[in-house]
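Top to bottom, those sequences are chains Y and R. So for the first sequence, numbering that gives the first Met the number 0 puts the first residue at 0; every next one is plus one. So for the second sequence, numbering that gives the first Met the number 0 puts the first residue at 0; every next one is plus one. Below is one structure, written out as structure tokens; the observations come after it.
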Amino acid sequence: MRRYARTLGIIIVLVVASLLILGFQTFKIGNFIRGGDTPLGLTLGLDLQGGSHLVYQASLTDEATGQPIIPTADQMEALKKTIERRVNSSGLGEPNIQILGDDRLLIQMPGVTDPDRAKQLIGETARLEFRHRQLEVARAIAGLTQEDIVAVRVVDAAAPVATTTTSVESATSTDSNATSTDSTATSTEPVITTPPVPEPRLEIDFTEAGATAFAAALAEMVRSLEIVPGNPSVYPTQLTIAVEGSDQPALNIPSSRVLIQPGGFSIPLGGDPYIRRVPNTNTFRVNLIAGLTDMTEAQQRFGNNPTLNLGLLMGKLDESVGLTGDDLSRAYPGQHAQTNRPIVNIEFTPDGAKKFAEITGRIAGTQDLLAIYLDEEELIAPSVNQAITGGSAFIEGQDFTIQRVRDIALLLESGRLPIPINLIQEREVDAILGKDSLEKSLVAGWVGLALVMLFMVLYYRVPGFVASLALVVYTILLLAIFKLFNVTLTLSGVAATILSIGMAVDANVLIFERMKEELRAGRTMLAAINIGFNRAWSAILDSNVSTLITCAILYWFGDALAAPLVMGFALNLAIGVALSMFTAVIVSRTFMRFIVATPLGKKYGLFVPSAAKQLPQNQKPAAAADARS
Amino acid sequence: MNFMKYRKFYYAFSILLTVVGILFLVMNKGLNRGIDFTGGTAMTLQMADPVTQEQLRVKLAEIGHPSAIVQNFGNNTYFVRTVQIDDPAQNALVDSLKTSLSPNGIEVLATELVSPVVAWDTIRNAGIAVAASAVLIFFYLWWAFRKMPNPARYGAAAIVALAHDIFIVIGIFALLGFLFDTEVNTMFLIALLTVLGYSVNDTIVVFDRIRENVLNHTNRTLTENANNAITETIGRSINTGMALMFTIAALLLFGGPTIREFLLVLLIGVLAGTYSSPGIATPLLIDWENWRKSRAAKRETARAQQPATA
Numbered sequence: 000m001r002r003y004a005r006t007l008g009i010i011i012v013l014v015v016a017s018l019l020i021l022g023f024q025t026f027k028i029g030n031f032i033r034g035g036d037t038p039l040g041l042t043l044g045l046d047l048q049g050g051s052h053l054v055y056q057a058s059l060t061d062e063a064t065g066q067p068i069i070p071t072a073d074q075m076e077a078l079k080k081t082i083e084r085r086v087n088s089s090g091l092g093e094p095n096i097q098i099l100g101d102d103r104l105l106i107q108m109p110g111v112t113d114p115d116r117a118k119q120l121i122g123e124t125a126r127l128e129f130r131h132r133q134l135e136v137a138r139a140i141a142g143l144t145q146e147d148i149v150a151v152r153v154v155d156a157a158a159p160v161a162t163t164t165t166s167v168e169s170a171t172s173t174d175s176n177a178t179s180t181d182s183t184a185t186s187t188e189p190v191i192t193t194p195p196v197p198e199p200r201l202e203i204d205f206t207e208a209g210a211t212a213f214a215a216a217l218a219e220m221v222r223s224l225e226i227v228p229g230n231p232s233v234y235p236t237q238l239t240i241a242v243e244g245s246d247q248p249a250l251n252i253p254s255s256r257v258l259i260q261p262g263g264f265s266i267p268l269g270g271d272p273y274i275r276r277v278p279n280t281n282t283f284r285v286n287l288i289a290g291l292t293d294m295t296e297a298q299q300r301f302g303n304n305p306t307l308n309l310g311l312l313m314g315k316l317d318e319s320v321g322l323t324g325d326d327l328s329r330a331y332p333g334q335h336a337q338t339n340r341p342i343v344n345i346e347f348t349p350d351g352a353k354k355f356a357e358i359t360g361r362i363a364g365t366q367d368l369l370a371i372y373l374d375e376e377e378l379i380a381p382s383v384n385q386a387i388t389g390g391s392a393f394i395e396g397q398d399f400t401i402q403r404v405r406d407i408a409l410l411l412e413s414g415r416l417p418i419p420i421n422l423i424q425e426r427e428v429d430a431i432l433g434k435d436s437l438e439k440s441l442v443a444g445w446v447g448l449a450l451v452m453l454f455m456v457l458y459y460r461v462p463g464f465v466a467s468l469a470l471v472v473y474t475i476l477l478l479a480i481f482k483l484f485n486v487t488l489t490l491s492g493v494a495a496t497i498l499s500i501g502m503a504v505d506a507n508v509l510i511f512e513r514m515k516e517e518l519r520a521g522r523t524m525l526a527a528i529n530i531g532f533n534r535a536w537s538a539i540l541d542s543n544v545s546t547l548i549t550c551a552i553l554y555w556f557g558d559a560l561a562a563p564l565v566m567g568f569a570l571n572l573a574i575g576v577a578l579s580m581f582t583a584v585i586v587s588r589t590f591m592r593f594i595v596a597t598p599l600g601k602k603y604g605l606f607v608p609s610a611a612k613q614l615p616q617n618q619k620p621a622a623a624a625d626a627r628s
Numbered sequence: 000m001n002f003m004k005y006r007k008f009y010y011a012f013s014i015l016l017t018v019v020g021i022l023f024l025v026m027n028k029g030l031n032r033g034i035d036f037t038g039g040t041a042m043t044l045q046m047a048d049p050v051t052q053e054q055l056r057v058k059l060a061e062i063g064h065p066s067a068i069v070q071n072f073g074n075n076t077y078f079v080r081t082v083q084i085d086d087p088a089q090n091a092l093v094d095s096l097k098t099s100l101s102p103n104g105i106e107v108l109a110t111e112l113v114s115p116v117v118a119w120d121t122i123r124n125a126g127i128a129v130a131a132s133a134v135l136i137f138f139y140l141w142w143a144f145r146k147m148p149n150p151a152r153y154g155a156a157a158i159v160a161l162a163h164d165i166f167i168v169i170g171i172f173a174l175l176g177f178l179f180d181t182e183v184n185t186m187f188l189i190a191l192l193t194v195l196g197y198s199v200n201d202t203i204v205v206f207d208r209i210r211e212n213v214l215n216h217t218n219r220t221l222t223e224n225a226n227n228a229i230t231e232t233i234g235r236s237i238n239t240g241m242a243l244m245f246t247i248a249a250l251l252l253f254g255g256p257t258i259r260e261f262l263l264v265l266l267i268g269v270l271a272g273t274y275s276s277p278g279i280a281t282p283l284l285i286d287w288e289n290w291r292k293s294r295a296a297k298r299e300t301a302r303a304q305q306p307a308t309a
């Protein structure tokens, strides 16, 4: 009995957990997010839920004439296959992909929860390129010569002297003065006058041409601090200021506040810019940060109109090395053999392997990185530990998750998209079945379930009630699993679910028929239950194993064929069948044991309705056997 | 009850159904491929008057496009995919919709050819997948019935019953296709896979009972044991079949028209699957046994006669 009490406890916990999962429309634990604005927050397919409707146009141009050309049917078919594979393996649900006319591709995707990720995965022109990334490379400022620097002086931005070239900095200092004036006026606090902290600034006057060149360099510095979505770190490009003939180290100043870490991965902090142009002049004002806050020191260094050597320290410099997506033969997600962390495996063509060996040989052992660009956008930039000559390598990263490596692998593969495409239409579209039809089917589903339960209760009485209860438990657990594992529910999934419900009912029918036989044969209630369950087990096991075999084959074939429809069916059926074994055997058995322990267990007529006449209530089992014979 | 006595009738019935199926399959040149497999014409229609998805679908069915896929873009604009139709037919379709649904006009925003959603290859490959799983199920059953005499026969008989059920469904759809132009789409494929699962499940339940009887009553013949097994499982078979039938019937009656074809396959499949376990799989076991026995007996008599002639 104790054992069953514990099992019952586990079942109740599972049901309550499932109800919680289903009850909260969406929930989030760390990175684990489930749910959405669908019924119960389930992931639904295109037939049950609307989604995005994207139309892409193939843009193939003749290289010689530059005239657009219409792709061949084979090319379009190859394009369709590539995108199908990409979307299918991304877990974005079952897409509907069709070629429209001669040169357009229609992609419908269920749900619109993450259209940007979808569009990114589909990719547009998807040109993949590997580049050699050097860090902290000194460069001259283009178009700026020594003659362009007219004058250099040090000023104090904090000095209350109102100059004509008032900048924002002096404005803030004026503000703080204003506040202290206010407090004097109210005079509730003692007035302490402190001299303003000096804020040395270097002012450089340029010629017209010099100012233009310097402004361009400044714009480049600002750009280097822009954050790319998904990557919070930057490679700041800094201005280097050295005094000719001085043995002092050059000053490196970014365009605004930034937390600089060696080897990239710096974080921009925002705030007032460090370098700015004094409005309507050719003068630039530089905040001498980092150590040069002392006015005297700044004066000593820059006060005598010295000859300045201005340059740029590039945070990163990427150079093409002639290694592109054409050289890549394969990219697929995997796991590191030792650390088990997600990695991306890459393999090159023989030609690509040569180039890859050359570039990795050059980078290995230095701080340099291998930057991988997709459509001029950085995808990842791994470092290289050693020269890789074998033509295959893997990429690992601190922030790599299973989804991230899958996406990266897909995007790397997409470098081989057969035709460049452009998004020409994007809109939302409703479910294929339509709301009306869906609601009707849902009602019908409930009616069907209720009918099955009614039938079971009428025909099998108490055991039928237990089976119905097990069916309710089954439905709750199944939906919770679907939500938890983000299983896409489509019409084919519903078909699989109907079949697995049928099998769950079947297992119970098998057991109860068996129980009835055993009761008629004169066994006690408890013995009949045990025999019923034990004898029926072999049939339940064999049939479910056969079904699971079918599921495995269909899933595998579905994957090879890129037929998500078949895969979805197989997955749904496998989950349903595995769960039905649990509910039909363990759950209903536990419930039965409990009911038998109550006074209801004495009423044989409630268990064997058809034998009620032959089996008077509370009759001794042995006597029952006699009565029958 | 002596179910096995009438097994010639079961064979005759199934063979008749199969022959009729083949006949219509030939006459109809296979099944009618729906637009999931053929592709067709896609139109974007903007209605001047408010029209629901349901109204549009019903109207399209009325004017000869029962398989049209209608999706709502919102703002009274619909994305409609039909079988491939030429310009005059398209104009006729739009005119017809205009008079009945949107008298204030319909603007055709776009019209183009669409490729199939699923290549017809998928069906062929799904067939290969089904064959592969049938082979594995055969080996599994061989192993599961290893304690029985001639265990391989159980696997073989279950697979024959499975093929029978699938064939009945295909045959009936060939017939419906011939008579009513019924088409098969991807959901047909899914429904067929569902029938496959059900058929094997049902056969195994009966075989499991035969296995138990054969092991417990070694003194009885296979026919006796099989008859008992069917008598003992018939209640369960009918009850399970009924439970499924309730669900399907409820969906057919109350559910939308879009999944009717799918439910019809399930309905026929469940009927065939329930029938084929006692009607095909079990008789096959018995006839196989009898055939081997009579062959052995003949060989025995032949051997007995041989010295006499020599």
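We treat Cβ as the ideally placed atom computed from N, Cα and C, and that holds for glycine. Keep in mind the model is a prediction, meaning the values are calculated, not measured.
{"query": "Could you list which residues in chain Y have their beta carbon closer than 7 Å to that of GLU111/R, in chain order?", "result": "LEU99, GLY100"}
{"query": "Quick check on the burial criterion: 16 or more other C-beta atoms within 10 angstroms. Buried or exposed for PRO277/R?", "result": "buried"}
{"query": "Beta carbons nearer than 9 Å to chain R: which residues of the segment 523-543 of chain Y have them?", "result": "ARG534, ALA535, SER537, ALA538, ILE539, LEU540, ASP541, SER542, ASN543"}
{"query": "Please confirm whether ARG426/Y has its beta-carbon closer than 7 Å to some beta-carbon of chain R.", "result": "yes"}
{"query": "Is any beta-carbon of chain R found at less than 7 Å from that of MET580/Y?", "result": "no"}
{"query": "Counting contacts by CB-CB distance shorter than 7 Å, is ALA494/Y in contact with chain R?", "result": "yes"}
{"query": "State the Cα-Cα distance for the pair LEU252/R and ILE68/R, rounded to the nearest angstrom.", "result": "21 Å"}
{"query": "Does the CB of VAL86/Y have a neighbour CB from chain R at under 7 Å?", "result": "no"}
{"query": "Anything in the segment 339-357 of chain Y with a Cβ closer than 7 Å to a Cβ of chain R? List those residues in chain order, please.", "result": "none"}
{"query": "Can you list, in chain order, the residues of its chain whose CB lies under 6 Å from that of ALA16/Y, leaving out five sequence neighbours each side?", "result": "none"}
{"query": "The alpha helix (DSSP H) spanning PRO462/Y covers which residue range?", "result": "461-483"}
{"query": "Return the CA-CA distance between PRO349/Y and THR37/R, expressed in angstroms with no decimal places.", "result": "41 Å"}
{"query": "For LEU44/R, which of helix, strand or coil comes out of DSSP?", "result": "strand"}
{"query": "Is VAL320/Y helix, strand or coil when you go by DSSP?", "result": "strand"}
{"query": "Go ahead and label GLN385/Y buried or exposed: buried means 16 or more other beta carbons lie within 10 angstroms of its beta carbon, across all protein chains shown.", "result": "exposed"}
{"query": "Is the shortest distance between the beta-carbon of ASP73/Y and the beta-carbons of chain R less than 7 Å?", "result": "no"}
{"query": "Note down, in chain order, every chain Y residue with its Cβ under 7 Å from the Cβ of LEU192/R.", "result": "LEU553, PHE568"}
{"query": "Could you tell me how far apart the beta carbons of ILE209/R and ALA225/R are, in whole angstroms, since I believe they sit closer than 8 Å?", "result": "5 Å"}
{"query": "Counting only runs of 4+ residues fully inside the segment 178-239 of chain R, write out the alpha helix (DSSP H) ranges in chain order.", "result": "185-215"}
{"query": "Hey, would you say ILE431/Y sits closer than 7 Å to GLN70/R, going by beta carbons?", "result": "yes"}
{"query": "Roughly how many angstroms lie between the CA atoms of VAL129/R and PHE12/R, to the nearest whole one?", "result": "25 Å"}
{"query": "Looking only at C-alpha atoms, which of GLY364/Y, ASN304/Y, LEU307/Y, GLU395/Y sits nearest to ASN339/Y?", "result": "GLU395/Y"}
{"query": "I'd like to confirm the pairing. Which residues does DSSP put opposite ILE371/Y in its beta bridges?", "result": "PHE129/Y, ILE379/Y"}
{"query": "According to DSSP, is ARG200/Y part of a helix, a strand, or is it coil?", "result": "strand"}
{"query": "Residues of the segment 266-279 of chain R in Cβ contact with chain Y at a cutoff of 7 Å, in chain order, please.", "result": "none"}
{"query": "If you draw a straight line from the C-alpha of VAL565/Y to the C-alpha of LEU553/Y, how long is it?", "result": "7 Å"}
{"query": "Taking 8 Å as the threshold, find out whether the segment 150-165 of chain R comes into contact with the segment 268-287 of chain R through three or more Cβ pairs.", "result": "yes"}
{"query": "Here's a check: name, in chain order, each residue in its chain whose Cβ is nearer than 7 Å to the Cβ of ASP174/Y, leaving out the five neighbours to either side.", "result": "Here the model assigns ASP174/Y a pLDDT of 42, short of 50, so the residue's position is not dependable and the matter cannot be decided."}
{"query": "Since ILE158/R meets chain Y, which of its residues come closer than 8 Å, beta carbon to beta carbon?", "result": "By Cβ distance, chain Y contributes nothing, its closest Cβ being about 11 Å from ILE158/R, past 8 Å."}
{"query": "Check this for me: beta carbons of LEU39/Y and ALA479/Y, under 7 Å apart or not?", "result": "no"}
{"query": "Using only alpha-carbon positions, find the residue among ARG426/Y, LEU525/Y, LEU441/Y, PHE556/Y that is nearest to VAL595/Y.", "result": "LEU525/Y"}
{"query": "Over the uninterrupted alpha helix (DSSP H) stretch that includes ALA57/Y, give me the two end residues.", "result": "Careful: ALA57/Y lies outside any alpha helix (DSSP H), inside the beta strand (DSSP E) at 50-57."}
{"query": "Per DSSP, which one or two residues make a beta bridge with ALA330/Y?", "result": "ILE345/Y"}
{"query": "Considering ILE266/Y, what are the terminal residues of the beta strand (DSSP E) in which it resides?", "result": "266-272"}
{"query": "May I ask you to report which of helix, strand or coil DSSP gives PHE166/R?", "result": "helix"}
{"query": "Within this structure, are the beta carbons of GLU182/R and ASN31/R separated by less than 7 Å?", "result": "yes"}
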